[in-house]
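Report on one structure; see the data block that follows.
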Amino acid sequence: MAARRNDLGPNEGLIGKADARRRLTTPALVLDLDRFEANLATMARLAKESGQALRPHAKSHKCSAIAKAQIAAGAVGVCCASIREAEAMVAAGVTGVLITSPVIGQAKIGRLAALASAAPGLMVVADNPRNVTEIDAAIGAAGAHLKMLVDVDPGMGRTGVIGSQSALALARDIGRAGNLGFAGLQAYSGMVQHIENYAARRETYGPHLDGLKQTRDALAEAGLAPGIMTGGGTGSHHIDREMRTLTELQVGSYAFMDVQYNVVEILPDAPLPFETALTVRCSVVSNNIEGFVTIDGGLKCFATDGPVPAVASGAPPGAVYTFMGDEHGRITFAKPGEHLEIGAALELITPHCDPTVNLHDFIHCVRGDALAGIWPVDARGVL
Ligand SMILES: Cc1ncc(COP(=O)(O)O)c(C=O)c1O
Numbered sequence: 006m007a008a009r010r011n012d013l014g015p016n017e018g019l020i021g022k023a024d025a026r027r028r029l030t031t032p033a034l035v036l037d038l039d040r041f042e043a044n045l046a047t048m049a050r051l052a053k054e055s056g057q058a059l060r061p062h063a064k065s066h067k068c069s070a071i072a073k074a075q076i077a078a079g080a081v082g083v084c085c086a087s088i089r090e091a092e093a094m095v096a097a098g099v100t101g102v103l104i105t106s107p108v109i110g111q112a113k114i115g116r117l118a119a120l121a122s123a124a125p126g127l128m129v130v131a132d133n134p135r136n137v138t139e140i141d142a143a144i145g146a147a148g149a150h151l152k153m154l155v156d157v158d159p160g161m162g163r164t165g166v167i168g169s170q171s172a173l174a175l176a177r178d179i180g181r182a183g184n185l186g187f188a189g190l191q192a193y194s195g196m197v198q199h200i201e202n203y204a205a206r207r208e209t210y211g212p213h214l215d216g217l218k219q220t221r222d223a224l225a226e227a228g229l230a231p232g233i234m235t236g237g238g239t240g241s242h243h244i245d246r247e248m249r250t251l252t253e254l255q256v257g258s259y260a261f262m263d264v265q266y267n268v269v270e271i272l273p274d275a276p277l278p279f280e281t282a283l284t285v286r287c288s289v290v291s292n293n294i295e296g297f298v299t300i301d302g303g304l305k306c307f308a309t310d311g312p313v314p315a316v317a318s319g320a321p322p323g324a325v326y327t328f329m330g331d332e333h334g335r336i337t338f339a340k341p342g343e344h345l346e347i348g349a350a351l352e353l354i355t356p357h358c359d360p361t362v363n364l365h366d367f368i369h370c371v372r373g374d375a376l377a378g379i380w381p382v383d384a385r386g387v388l
């Protein structure tokens, strides 16, 4: 029988069942709601204490239900990395959306204009005068208005204008455009987020924030004081809270955590402030050779840009994961004689949460062993 469109997948019938976690059809992305909610509450408290707004990045979860949970916990909205993500969020009723990558080309700019008409608070970044002109024209043709931020490159070489004078020139272009409003600056230092040692991270990041302050002051002197200063991530959030250069934080991974972040000294000389809330539940599919078993999670189940998944539960201590192709992974035991039966389930911590979530259709929300709900990854995909 063909699956219904927009259904919640093969585990839908387990919602509300007390022992559902053990019965999940795998490989299944699993979110521990107690840990997830604790992460949301912690970050909301920290941002409130430092007087900064929270606009978490939806690129990590691509899920409007999670965006709504973040807003319910105090966020002013969410960031989106693409027009695709922004469309999904707006369609689900999420407000306060900021698109943090340049939107280029007539087709996507047309979608941006349609979205701006549907979502009056929408914001987008730009780093190029031609792009500003093209977006202004499309927004005008749609009879809409759009708030725009200048994306400033803190030294990453990904996107953003280089230097205060270019930022000022682009802010002026935006200010002069009839259908746009200059809303502020964005600067995201992606390359510092995973520097494992806190002091080393701070040393690298400090000059980025100093440069951003200079740009802010140059704009203010020219009468274009940026209302919003947005950026930062999970790895930099403590430094961002201390420096207060940013008025709002774009943290993403804090909601889930992953193998990459679990080795980062996020706070100086203190335990991690966030718990690992996201795992992938897999099952043993073959166990014919002594010393290891094969499970149903491979390259199509876990991101491969970083470390390998880490075993969280279901295997003897010291068992390690290796990729074994598109559909499979190997769990190698630490000691001779260790064994797992066919169908035995394991949970693995995602190597890098963002690209892992994008491989899955559903997030299975658990409390203990019960399945509390299933959230579609409704913004997944890249187009
Ligand atoms: C522009 C931007 N802002 C914020 C984030 C969130 O960073 P993190 O997941 O480290 O919290 C990202 C992540 O890649 C990003 O690209």
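According to this note's numbering, numbering within the sequence shown proceeds without interruption in unit steps and concludes at 388.
Glycine is no exception: its CB is placed at the ideal position from the N, C-alpha and C atoms.
None of the values given here were measured: they were computed from a predicted structure.
Counting the other CB atoms within 10 Å of its CB gives R60 a total of 16 or more, which places it among the buried residues.
Contact check for D156 against P107 passes: the beta carbons are separated by less than 8 Å. Rounded to the nearest angstrom, the Cβ distance from L173 to L254 is 25 Å, too far for a contact under 8 Å.
In the DSSP annotation of this structure, L127 is not part of any beta strand (DSSP E), being labelled neither H nor E. Partner residues in the beta bridge of R335, as assigned by DSSP, are T299 and T327. In the DSSP annotation of this structure, M248 is not part of any beta strand (DSSP E); the continuous alpha helix (DSSP H) holding it starts and ends at H242 to M248. Shortest Cα-Cα distance from E247 to any of T361, L29, S65 and L214 involves L214. The beta carbons of S55 and R249 sit about 7 Å from each other, so the pair counts as a contact at 8 Å.
CA-CA distance, A131 to K113, rounds to 14 Å. When the alpha-carbon of T299 is set against those of T309, P278 and A324, the nearest one is in A324.
A check of alpha carbon separations from S122 across T100, L151, S69 and F187 identifies L151 as the nearest. The beta carbons of N202 and E270 sit closer together than 8 Å. Note: M234 is bridge-paired with L190 in the DSSP secondary-structure output. Residues with their Cβ less than 5 Å from any non-hydrogen atom of ligand 1, running along the chain, are H62, T105, Y193, Q198, G238, T239, Q255, V256, G257 and S258. For the 8 Å CB-CB criterion, A78 and A46 form a contact. Note that the C-beta distance between A33 and S69 is not below 8 Å. Rounded to whole angstroms, D310 and N136 show a C-alpha spacing of 31 Å. When C-beta atoms of the stretch 172-189 are compared with those of the stretch 204-212, fewer than three pairs fall below 8 Å, so the two segments do not count as touching. By DSSP's assignment, C287 forms a beta bridge with L351.
In terms of Cα proximity to F297, the closest of L283, L345 and L304 is L345.
Counting other Cβ atoms within 10 Å of its Cβ, V387 stays below 16 and is therefore classed as exposed. With contacts defined by Cβ atoms closer than 8 Å, I336 and A320 form a contacting pair.
Counting the other Cβ atoms within 10 Å of the Cβ of L272 gives fewer than 16, which makes it exposed. The count of Cβ pairs closer than 8 Å, one atom from the stretch 115-129 and one from the stretch 93-103, reaches three, so the stretches are in contact. Take E139, set aside five residues on each side of it, and the residues of its chain with a beta-carbon closer than 7 Å to its own are I114, in chain order. Counting the other CB atoms within 10 Å of its CB gives D331 a total below 16, which places it among the exposed residues. Ranked by how close their Cα comes to the Cα of H369, the residues L277, T252, A282 and H243 have A282 in first place. Comparing alpha carbon positions, the residue from R207, S171 and I233 closest to Q191 is I233. Boundaries of the alpha helix (DSSP H) around L224: Y203 to E226. For A349, the CB contacts under 6 Å within the same chain, skipping 5 residues up- and downstream, are V289 in chain order. Below 8 Å, enough C-beta pairs join the stretch 37-51 and the stretch 370-377 to call them touching: three or more.
Around the C-beta of T327, fewer than 16 other C-beta atoms lie within 10 Å, and the residue is accordingly described as exposed. Rounded to whole angstroms, the gap between the alpha carbons of D383 and K218 is 37 Å. Of Q111, G303, G110 and G82, the smallest CA-CA separation from G98 is found for G82. Beta-carbon to beta-carbon, P356 and V264 are separated by about 5 Å, close enough to satisfy the 8 Å threshold. Assignment of beta strand (DSSP E) within the stretch 36-82, counting only whole runs of 3 or more residues, yields no such run.
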